[in-house]
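S.K.: Chains as they are written, first to last, in this note's numbering: chain X, 567 to 729; chain E, 114 to 936. Glycine included, each C-beta is placed from N, C-alpha and C at the ideal position. Bear in mind that the values here come from a model prediction, so they are computed numbers and not experimental data.
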Amino acid sequence: MPKDNDANTKEFMAQEIWNEFITDVLEIIRKKRELEQEKAEKELETENKIKKLLLRFIEVSDSFENVFKNIDPVIGEADSRTQSWVSNFSTIYNMLQRALKECGVVPAETLTGSKASPYWHNVIETVSQSGFEDETIVEEIKKGYLFEGKLIRMADVKAVRNL
Amino acid sequence: MGKIIGIDLGTTNSVLATVGVKGCRVIQNKEAEQMTRSIVGIYKNDYLVGTPALNRWSLAPKDTINSIKRLMGRGVSDPEVEKVKSSYRYEIMEPSDGTRDSVCVKLGGKEFSPVDISAMILKKLKTDAQAALGEEVTHAVITVPAYFSDKQVAATRDAGRKAGLRVMKIIDEPSAAAIAYNLDSGEKDAKVVLVYDLGGGTFDISVLMMTAGTHAILNKEGDMWLGGDDFDKLIVDYLTDYIETEYRIDPKSDDRFMVTLKQEAKKAKEMLSAARAAQILIPGLLHDSSGNMLDIDLEITREYFEKKASPLVKRTVDLAKLAVQNAHLNLEDIDCVLMAGNATCIPLVQHAMEKLFGSEKILRSIHPKYCVAMGAAIVAASAPQIECPECGWKNDLTAEKCEKCNYMFDLDVRPTKTCPHCSHENDIDAKTCSACGEMIPLPPEPTAPFAYGIQTAGDVFNVFIQKNDKYPTPEEERKFQEFKTIYQNQRSVSIPVYGGNNSEKASANKKQGEASAMLPPNLPEGAVVRIKLWLDADGAFDISAQLENGTDLQPRILRGGKDQKAEEKIREIGSKIAYKGDGIPPKKKVILENKYRKVIDLYNRGDMEDAYAFATELDSEIDKPVLPENGSLLKEARGTSNFAKYIVSEYGWLIGTDAYQLNALIAELDGAIVKTTPGSETAAKDQELIKEKKEELNRALNDVIDDNNLLNVFLSMHAEISSRIMPLNPVEGNSLTEELERIEIEFKNKDSAATAKLNAFSQKLNNKLKEIKREPENRKCTECGAVNSPNATRCASCGANLDVLKSASIQNILSNSFKGDIK
Ligand SMILES: Nc1ncnc2c1ncn2[C@@H]1O[C@H](COP(=O)(O)OP(=O)(O)OP(=O)(O)O)[C@@H](O)[C@H]1O
Ligand SMILES: [Mg+2]
Ligand SMILES: [Zn+2]
Ligand SMILES: [Zn+2]
Ligand SMILES: [Zn+2]
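1) Residues around ligand 7, please: the condition is that the C-beta lies closer than 6 Å to some non-hydrogen atom of it.
2) For the stretch 671-703 of chain X, enumerate the residues whose C-beta is nearer than 9 Å to any C-beta of chain E, in chain order.
3) Tell me which same chain residues have a C-beta within less than 8 Å of the C-beta of Asn743 of chain E, skipping the five on either side of it?
4) Quick check on the burial criterion: 16 or more other C-beta atoms within 10 angstroms. Buried or exposed for Asn602 of chain E?
5) Which same chain residues end up closer than 7 Å to Leu715 of chain E when comparing Cβ atoms and leaving out the 5 residues on each side of it in sequence?
6) Within the chosen definition, does the stretch 629-641 of chain X reach the stretch 387-398 of chain E through at least 3 CB pairs nearer than 8 Å?
7) So with Cβ pairs under 9 Å, would you call Arg647 of chain X a contact of chain E?
8) Within 8 Å: the Cβ of Thr96 of chain E and any heavy atom of ligand 2?
9) Would you mind listing the beta strand (DSSP E) stretches within the stretch 761-792 of chain E that are 3+ residues and don't spill past its ends, in chain order?
10) What residues from the stretch 855-886 of chain E come within 7 Å of chain X, judged by C-beta to C-beta, listed N to C?
11) Ile818 of chain E to Ile760 of chain E, Cα distance in whole Å?
12) Is the shortest distance between the beta-carbon of Asn746 of chain X and the beta-carbons of chain E less than 9 Å?
13) What does the alpha-carbon distance come out to for the pair Thr895 of chain E and Ile656 of chain E?
14) Have a look at Ser60 of chain E and Asn636 of chain X and give me their C-alpha separation to the nearest angstrom.
15) Name the residues in the stretch 623-655 of chain X whose C-beta lies less than 7 Å from a C-beta of chain E; which are they?
16) Pick from E:Met323, E:Gly912, E:Asp317: whose alpha carbon is nearest that of Leu296 of chain E?
17) Please determine whether the Cβ atom of Ser386 of chain E lies at a distance below 8 Å from any heavy atom of ligand 1.
18) With a cut-off of 8 Å, do at least 3 Cβ pairs link the stretch 699-711 of chain X to the stretch 207-227 of chain E?
19) What does the alpha-carbon distance come out to for the pair Phe418 of chain E and Met281 of chain E?
20) For a test of the three-state rule: what should DSSP assign to Glu563 of chain X, helix, strand or coil?
21) Note down, one range per segment and in chain order, each alpha helix (DSSP H) of at least 4 residues found wholly within the stretch 646-677 of chain X.
22) Helix, strand or coil: which one does DSSP assign to Val280 of chain E?
23) Are there 16 or more other CB atoms within 10 angstroms of the CB of Leu435 of chain E, so buried, or fewer, so exposed?
24) Name the residue from E:Asp342, E:Cys501, E:Tyr201 whose alpha carbon lies nearest to the alpha carbon of Leu425 of chain E.
25) I'd like to know whether the C-beta of Gly133 of chain E is nearer than 9 Å to at least one C-beta of chain X.
26) Compute the beta-carbon to beta-carbon distance between Gly273 of chain E and Thr125 of chain E, rounded to the nearest angstrom, for a pair I have assumed lies under 8 Å.
27) Report the rounded CA-to-CA distance for Gln568 of chain E versus Ala628 of chain E, giving the unit in angstroms.
28) Using a Cβ-Cβ distance cut-off of 9 Å, determine whether Pro396 of chain E contacts chain X.
29) What is the residue span of the alpha helix (DSSP H) that Met721 of chain E lies within?
30) What residue range does the alpha helix (DSSP H) around Gln625 of chain E cover?
31) Just to confirm my understanding: we take Gln667 of chain E, look at its own chain, exclude 5 residues before and 5 after, and list those with CB closer than 7 Å. What are they?
32) Starting from Gly488 of chain E, trace the alpha helix (DSSP H) both ways and give me its first and last residue.
33) Write down the C-beta distance between Ile117 of chain E and Leu129 of chain E rounded to the nearest angstrom, noting that I regard them as a contact closer than 8 Å.
34) For Leu775 of chain E, I'd like the list of residues in its chain whose CB is within less than 8 Å of its CB, leaving aside the five on either flank, ordered along the chain.
35) Excluding the 5 residues preceding and the 5 following Leu167 of chain E in the sequence, name in chain order all residues of the same chain whose CB lies nearer than 6 Å to its CB.
36) Could you check whether Leu476 of chain E and Cys449 of chain E sit closer than 9 Å to each other, using their CB atoms as the reference points?
Structure representation (structure tokens):
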């Protein structure tokens, strides 16, 4: 039986402390990863909620646009009182657009005459039109929108499809 | 090896899930959607999957493939195929080189099998998961409907292979849902579970029997053409009828209006799941016969919707009843009901099930759309193995083929080569890049394509070879790095080798292989293991390992399933022997240790089959009771004599005059022993004498010990230390022995404090022993923190290897895991 074990014991003690420390460090790393994942999930959830809310307002804006699209060609024929009412609504629409812009939501420009991209344009209507290449956008039916530079809603478009 | 995911490959929507450090979660796709539309299209010579494909549906209805799942594993003459043909615009036909028992679809003028199309969907899911997780995804569990035939299951598996995924297992959707609800574990009693799955276009109902660890499908029914979309149609019809009667115009002829109407109807349906009424607002799109603009502003109540929807729901209820009946059960026999598929959000559906089975039986804590994918992810994480589709054998994740039947698990994708100019992935044999046309240069001298290193606890990546290091690694550059064991008496270490350029997390890189080494017994926790890793002339890694004192550990690189199996078995018995500890009598322990060494010897020589066989035999031996010993009389006699001499010399001061009697008896026994001639047959008479003297001495010894309390205490303490503490931790054992010896001396010197010290020591020893008793209880997983049984070699909750090493330097761990945010 080895009698002089002092050196050994000391080393053992140091080892013990070190081991404990490392175990703690590993635990901290694990916890940190857990927190990171939790945080990422929370952020994603919040972001999705915000997007959903913004999309609802974008839909309100769409409806304004649909109505104006119908009114615009005939507004000249209306009496001055009606014209001023329409202009009031138009101001409310502008307010809505401004509010969206302040929240980082801006329309994504759709160039009619360019080709529809599957990543930007949802083709909901097609038209046969000679002299135009297939996939050419002829009308933007619903605007696409960007939120902080990223697409949150694709534009609905009408595009050429020659049979 | 990369990440493992679970995939619900649906007819209309597919969902991805994974198990992370914080449990199961759904992974978003690149379009930031929780689910991906199972649609494939074509665009500029590239294939589109999901929403982008959906966006082009009206532009290219013939080149947009949906509901491909309905065609999986079917033949042209199948009635189901006929129905798909009549519902969609894309071309479905007999493959030009095939037979009537298969179909193909046309996309961009080319023929594709349903397997190809499904593979495109899976590939997108894989790629998007990689982007979301920041790691390569290599393995997956995929779900299929319960009614899928073997052929359809095989087709799904092939699709996975084509997508570059190693398919660990294919499980049925209802079972996956049940697993997500954790119904396959814990309780011993069998549970009968009904899974009601109402998707976009299909309705499945299954009756399952779940018991701890297993499940069986008792019966399944369904309607392949009933789903949430039929409920949308109810609302669309209501609106078109209303418009027709109210304004006397036919809205169905206005395509633009109908697109919006369908979207609004779906929205209204989904809204009615949460509210009592939904408003449908479509201003400024429709005009009446005289050109006036019409605002559609209509409220639809849940009451009305439910009245309309009740025939559809009734049909599902009837099918549910039928499913139970055909399983030869009564409705009361169903223990719980799970709702899967998004359309089960409809309250009427939920109420119908509540009415049928009782609301307490309906489980709904997990979102119905995600439970199937989550179940798949859980299966993948909890059984990290590739289950052979041929023979069912469970192979290691790295296996290339089934260890039992040689079924190949290889992927069906060609390797690619990255273009240095535009980073386009090209065919491995390509000389020029197909995207930018540039030449793809050959590397002038072989260099490491990425960093190589080993993984230690906490997923630390310990790099040995840097990216672009030349190989073979020159001798002088092969340097040892130090690591430490993580348990006391750890009997083996597994050394996972990874390659890649993520210095933060080893597992974020690609697994290159695994080495494993056996350790001698009784090493303390934190024992140093030195490892060298280098690349040989072929660019393959090699490894060597030794202990601090230079003992070569002869690590083996595991190449196939057989190696892995033998290794796992050896590790298993290693920890079993170690932790049975004092449960094994010392003598048997020596025998077992010797056999264990032989197993390791075989293993180290590469004799895997024998090693495995021997290990299995040894495994059963560990639990066998000890046979009565039949040591020779002479040996026993010498042992008794030696023990008596030890008592007299060490504890003479304690036993007083008894020492004389013992000495006399020792002399007599020794005399009898001396008379016998070693090696020759001892005369029967001599034997009798030895036996007599030995027993006499034994009796005397026992009397002395019995009569002397203190001696009794000392001896039993020594016995405890040497039999229970010493084997696990020799250093601590020695220090305790010394302390006890010092106390003995104090007693000898009649020190007044001795008794108190002995009491304190006894307390301490008891605590230590308790600790030892407790310690084998837990092997804490360094990955997920789960506590595993003492002889577990893999974590039961995340599958991580438990016999790992940890980095020797704290800097290593810190720099790897706290980049930037530790001060
Ligand atoms: N909140 C809701 N209330 C009612 N129905 C909903 C709700 N959310 C989604 N749905 C409907 O669920 C259906 C889609 O279901 P799901 O995504 O589960 O189909 P799937 O699993 O791909 O299809 P399948 O099971 O046929 O392969 C759609 O009809 C959708 O309108
Ligand atoms: Mg489904
Ligand atoms: Zn097999
Ligand atoms: Zn290129
Ligand atoms: Zn774990």
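M.R.: Taking the coordinates as given:
1) In the structure on display, ligand 7 does not appear, and the ligands it does have are ligand 1, ligand 2, ligand 3, ligand 4 and ligand 5.
2) Going along the stretch 671-703 of chain X in chain order, one finds Ala682, Ser683, Pro684, Tyr685, Trp686, His687, Asn688, Val689, Ile690, Glu691, Thr692, Asp700, Glu701 with a Cβ nearer than 9 Å to chain E.
3) Low per-residue confidence applies at Asn743 of chain E: pLDDT is 42, beneath 50, and the placement is therefore not dependable, though the value from the model is reported in the following sentence. Same-chain partners within the cutoff: there are none.
4) With at least 16 other beta carbons inside 10 angstroms of its own, Asn602 of chain E counts as buried.
5) Around Leu715 of chain E: Asp723, Ala724, Phe727.
6) Per the Cβ contact rule, the stretch 629-641 of chain X is in contact with the stretch 387-398 of chain E (3 or more Cβ pairs under 8 Å).
7) False, the Cβ-Cβ gap to chain E never drops below 9 Å.
8) The question about residue 96 of chain E has no answer here: the residues shown for chain E are numbered 114 through 936.
9) Every candidate beta strand (DSSP E) stretch fails here, since none sits fully inside the stretch 761-792 of chain E while reaching 3 residues.
10) So the list is empty, because no residue satisfies the distance condition.
11) Roughly 9 Å separates the two Cα atoms.
12) Not covered by the structure: residue 746 of chain X. The range shown for chain X is 567 to 729.
13) Taking the straight line joining both Cα atoms gives about 23 Å.
14) Here chain E comprises residues numbered 114 to 936, so residue 60 of chain E is not present and cannot be evaluated.
15) If the cut-off is 7 Å between Cβ atoms, the stretch 623-655 of chain X has Ser629, Asn632, Val633, Lys635, Asn636 near chain E.
16) Out of E:Met323, E:Gly912, E:Asp317, E:Met323 has the C-alpha closest to the C-alpha of Leu296 of chain E.
17) Yes.
18) Touching, no.
19) For Phe418 of chain E and Met281 of chain E, the distance between alpha carbons rounds to 43 Å.
20) Shown here, chain X extends from 567 to 729; a query on residue 563 of chain X therefore has no answer.
21) Look at the stretch 646-677 of chain X and you find these whole runs of alpha helix (DSSP H), each 4 residues long or longer: 646-668.
22) Secondary structure at Val280 of chain E: strand, using DSSP grouped into helix, strand and coil.
23) So Leu435 of chain E ends up on the exposed side.
24) Answer by Cα proximity: E:Asp342.
25) Output row for Gly133 of chain E: interface = yes.
26) Contact between Gly273 of chain E and Thr125 of chain E is ruled out by a C-beta separation of about 20 Å, above the 8 Å threshold.
27) CA-to-CA, the gap between Gln568 of chain E and Ala628 of chain E works out to about 11 Å.
28) Closer than 9 Å: yes.
29) Residues 721-736.
30) First-last for Gln625 of chain E: 623-631, but that is the beta strand (DSSP E), not the alpha helix (DSSP H).
31) Taking C-beta separations shorter than 7 Å and ignoring five residues to either side along the sequence, the partners of Gln667 of chain E in its chain run Ala630, Asn717, following chain order.
32) Membership of Gly488 of chain E in the alpha helix (DSSP H) is indicated by the continuous run 484-495.
33) That belief does not hold up - the Cβ atoms of Ile117 of chain E and Leu129 of chain E are roughly 11 Å apart, past 8 Å.
34) The residues are Ala757, Ile760, Val761, Ile768, Leu810, Ala813, Leu814, Val817.
35) So the qualifying residues of the chain are Arg150, Ile152.
36) In this structure, Leu476 of chain E lies closer than 9 Å to Cys449 of chain E by Cβ.
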